[in-house]
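Novice:
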Amino acid sequence: CHPRTRGIAIGSIFKWIFENNTEKIYWLCGPMGVGKSTIIQTIAVKLDEIGRLGASFFFHPLDPSRNNVSKLFSTISYQLAISSGSQSFRQAIENEINHDPSLVHRSINVQWTKLIVQPLMKCINELKGMNVIIDGLDECDREQVQAVLKLFDNGDLEMLLRIIL
């Protein structure tokens, strides 16, 4: 995308990130090939530099490990545990996995609840201001996209994370 357009989009996303509003999801829309991934990657680097990137996941249609949602929440959970520095968040995830070692292979609904929502609820104040970046979700199967968006829309995010798609 044109550098000026990219700058405007990045500015808009950062304005959203730092505003104290109730919207927890920012969806960067546009046709294929206009530079959304470049913008998202730039945002991820900048957020990481200032310690506000909790996790990122970049889908890729040709990579079997990144062309579906099966590893999305286990990856985000792992990255949040590392980036947050929160011992209580890490412990909450570890407890869930010790209780159910097959958790990372379960449905995305179960992973979302057990690896993201419940651990975050236990240490909500420790992870304030963290952002999650997900790029290329729209390249997945339509049913998978809808399932993920339904999880994001169930109200659990209202006090947990900001997600940039």
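Heads up, my numbering is the position in the sequence shown plus 1428, with the first residue counted as 1. Cβ coordinates follow ideal geometry from the N, Cα and C atoms, glycine included.
Tell me the DSSP secondary structure of F1442 in three-state form.
Specialist: As a working note, residue 1442 is residue 14 in the sequence shown. DSSP places F1442 in helix when its eight states are reduced to three.
Novice: Among all the DSSP beta bridges, which residues are the ones paired with V1560?
Specialist: Here residue 1560 is taken as the residue at index 132 of the sequence shown, counted from 1. A1483, I1591.
Novice: Starting from the C-beta of R1494, find all residues in its chain whose C-beta is less than 6 Å away, skip the five residues before and the five after it, and write them out in chain order.
Specialist: Working through the sequence shown from its first residue, we reach residue 1494 at position 66. Excluding sequence neighbours, R1494 sits near F1487, H1488.
Novice: Is the stretch 1556 to 1575 touching the stretch 1452 to 1468, taking contact as three or more C-beta pairs under 8 Å?
Specialist: Yes, the stretch 1556 to 1575 is in contact with the stretch 1452 to 1468.
Novice: Write down every uninterrupted run of the alpha helix (DSSP H) in the stretch 1446 to 1521 whose length is 4 residues or greater and which is fully enclosed by it, in chain order.
Specialist: List check, alpha helix (DSSP H) in window: 1464 to 1477, 1500 to 1512.
Novice: Please name the residue, chosen from F1446, L1588, L1593, that lies closest to L1577 on a Cα-to-Cα basis.
Specialist: Taking the sequence shown and counting its residues from 1, one reaches residue 1577 at position 149. Closest by alpha carbon: L1593.
Novice: Looking at F1501: is its Cβ nearer than 7 Å to the Cβ of W1540?
Specialist: What you label residue 1501 is simply residue 73 of the sequence shown in a count that begins at 1. What you label residue 1540 is simply residue 112 of the sequence shown in a count that begins at 1. Their beta carbons are under 7 Å apart, which means F1501 touches W1540 by this criterion.
Novice: Note down the Cα distance separating G1557 from R1590, rounded to an integer number of angstroms.
Specialist: The residue labelled residue 1557 in the question sits at position 129 within the sequence shown. The residue labelled residue 1590 in the question sits at position 162 within the sequence shown. Computed Cα separation, rounded: 8 Å.
Novice: When you compare the stretch 1459 to 1477 with the stretch 1531 to 1546, are there three or more beta-carbon pairs, one atom per stretch, that lie closer than 8 Å?
Specialist: With a cut-off of 8 Å, the stretch 1531 to 1546 and the stretch 1459 to 1477 do not count as touching, because too few Cβ pairs lie within range.
Novice: Whole angstroms is fine: what's the gap from E1451's alpha carbon to E1567's?
Specialist: Along the sequence shown, one-based indexing puts residue 1451 at 23. Along the sequence shown, one-based indexing puts residue 1567 at 139. Approximately 24 Å between the Cα atoms of the pair.
Novice: Need the endpoints of the alpha helix (DSSP H) that E1571 sits in, please.
Specialist: One-based indexing of the sequence shown puts residue 1571 at position 143. 1570 to 1580 is the extent of the alpha helix (DSSP H) around E1571.
Novice: Would you grab the beta carbon distance between I1436 and I1471 for me? Rounded to a whole angstrom, and I think it's under 8 Å.
Specialist: Position 8 of the sequence shown holds residue 1436. Position 43 of the sequence shown holds residue 1471. About 13 Å; that fails the 8 Å criterion.
Novice: If you run the structure through DSSP and keep just helix, strand and coil, what is G1435?
Specialist: Numbered from 1 along the sequence shown, position 7 holds the residue referred to as residue 1435. Residue state, collapsed to three classes: helix.
Novice: Have a look at P1547, I1536, L1579 and flag the residue whose alpha-carbon is nearest the alpha-carbon of L1508.
Specialist: For the purposes of this step, residue 1508 is taken as the residue at position 80 of the sequence shown. Checking every option, the nearest Cα to that of L1508 belongs to P1547.
Novice: Among residues of its own chain, excluding the 5 on either side of S1511, which ones have a beta-carbon nearer than 6 Å to its beta-carbon?
Specialist: If you number the sequence shown from 1, residue 1511 lands on position 83. These residues qualify, in order along the chain: G1482.
Novice: Please confirm whether Q1469 has its beta-carbon closer than 7 Å to some beta-carbon of chain C.
Specialist: Of the protein chains in the structure, only one exists, and it is not chain C.
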